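What follows is a set of notes on a single structure, which appears directly below.
In this note's numbering, the protein residues as written are 26 to 463.
The following block contains the structure:
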């Protein structure tokens, strides 16, 4: 068997989790960077590989000072932006050869034969006998001398302070989760656990067949439906759902060495990925809120509304904001007012910004009476009403009346009316909010 067969470079994790991104870590406590034996083995491979120990010392200092940004881990590669003390950033990568399909087959067969190995991995442990048994099956999990290959935009061909800092930071990630190493070797956690489950089930079936009496070999093995239904009441309860993360997860980094296909812009895709994470987090919080099941299903946004929502949530770079303005059907100069409206009240506030309509006479008469009763004679502001928009004379302040009977404050800035605050049922309060600048 050739080395290419053993360690294929085209192994792709199609079961989810082909890339994981870890937020920057705080400075490590104490002097060490690894507490687990496999984390120290990772650092030993780094220190045995690097030709210049002084560069590693500088890298260790950068890692300790928080110079390593978010770390992206995917099969065969780890990536991060590492900043020098003067703030200069360098993209640094460290490559580790992936295991080929045949090597993974041997590892999975070995793990299934020893249930303790699976239990250890689920406990985020990598006991020495697991690594030893894997090596006995011809599979080297931990890197050795020369296995950690650096690439850095600083131009150094050997391990530099930036690749060294990245490796020291990854040692801390390995302490917490050995699946990080397995992902580097080519398989994500979800795919590995699914494959172990399939092999464990197949092994159990083979064991049952070999233990069955010969005379029962032809009989069907099943459970009557009434017994299965009755057993449902003795099943254990479902586990408590995990806590909701405080913030949306970090999207994957698309800054790779491979160029994008024609017409695809990685930065725009990163904005979409970040937006998806924000929306998923918000939907989860809403789904867990009391009474969510009794709430009406919200109307689907139009492409123009969704472009404004994305600009409000993502706070994109100017060139992406320009494309979102085009998608919203607005000039670039008008997108800011639409974004402000969205942040104050979503679809309803956006409709107030765009629509002009004629309220019925009774609604307007009640609003006039409330305004008149709010001030002493002689202090009442002069208001000019034009359809559903009321402008205060002598002031760059306006109220807009919506179809649900609420009032929205507006102010004039650079010749444009822009939202100045959320809606209020009381026009007096809304006017006070507009006069105060929201």
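We put the CB at the ideal spot given by N, CA and C, even for glycine. In this text the structure is predicted, and so the values were computed from the model without any measurement.
List the whole-angstrom C-beta distance separating residue i from residue j, where the pair is believed to meet the contact cut-off of C-beta under 8 Å.
| i | j | result |
| --- | --- | --- |
| residue 50 | residue 194 | 6 Å |
| residue 100 | residue 146 | That belief does not hold up - the Cβ atoms of residue 100 and residue 146 are roughly 18 Å apart, past 8 Å. |
| residue 336 | residue 324 | That belief does not hold up - the Cβ atoms of residue 336 and residue 324 are roughly 20 Å apart, past 8 Å. |
| residue 54 | residue 197 | Between residue 197 and residue 54 the Cβ distance is about 10 Å, and since that is not below 8 Å, they are no contact. |
| residue 392 | residue 452 | 5 Å |
For a quick check, are the C-beta atoms of residue i and residue j less than 8 Å apart?
| i | j | result |
| --- | --- | --- |
| residue 363 | residue 353 | yes |
| residue 166 | residue 210 | yes |
| residue 68 | residue 59 | yes |
| residue 201 | residue 120 | no |
| residue 87 | residue 186 | yes |
| residue 440 | residue 449 | no |
| residue 374 | residue 444 | yes |
| residue 418 | residue 407 | yes |
| residue 425 | residue 377 | yes |
| residue 274 | residue 302 | yes |
| residue 298 | residue 268 | no |
| residue 192 | residue 206 | no |
| residue 455 | residue 432 | yes |
So, is the C-beta of residue i closer than 8 Å to a C-beta in chain C?
| i | result |
| --- | --- |
| residue 344 | Absent from the structure is chain C; it holds one protein chain and no more. |
Compare the C-alpha of residue i against each of the options and name the closest.
| i | options | result |
| --- | --- | --- |
| residue 225 | 290, 93, 269 and 143 | 143 |
| residue 305 | 108, 333, 74 and 271 | 271 |
| residue 343 | 459, 223, 292 and 173 | 292 |
| residue 420 | 442, 91, 106 and 401 | 442 |
| residue 188 | 265, 164, 455 and 72 | 72 |
| residue 136 | 218, 178, 84 and 104 | 218 |
| residue 208 | 392, 98 and 438 | 98 |
| residue 372 | 113, 395, 333 and 127 | 333 |
| residue 214 | 431, 432, 429 and 44 | 44 |
| residue 380 | 104, 412, 118 and 358 | 412 |
Sort out for me which residues DSSP pairs residue i with in a bridge.
| i | result |
| --- | --- |
| residue 103 | 98 and 119 |
| residue 156 | BP columns for residue 156 are empty, so no partner. |
| residue 423 | 416 and 435 |
| residue 93 | 107 |
| residue 130 | None; residue 130 has no bridge partner. |
| residue 114 | 108 |
| residue 383 | DSSP output for residue 383 lists no bridge partner at all. |
| residue 450 | Partner(s): none; residue 450 has no beta bridge. |
Along the chain, where does the alpha helix (DSSP H) containing residue i start, and where does it finish?
| i | result |
| --- | --- |
| residue 329 | 328–339 |
| residue 63 | 62–74 |
| residue 367 | 357–379 |
| residue 322 | Counting along the chain, residue 322 falls outside any alpha helix (DSSP H), and DSSP gives it neither H nor E. |
| residue 304 | 291–313 |
| residue 201 | 186–201 |
| residue 205 | 204–209 |
| residue 346 | 343–353 |
Could you spell out the range, first to last residue, of the beta strand (DSSP E) harbouring residue i?
| i | result |
| --- | --- |
| residue 432 | 432–438 |
| residue 177 | 174–177 |
| residue 442 | 441–444 |
| residue 409 | 408–411 |
| residue 45 | 45–47 |
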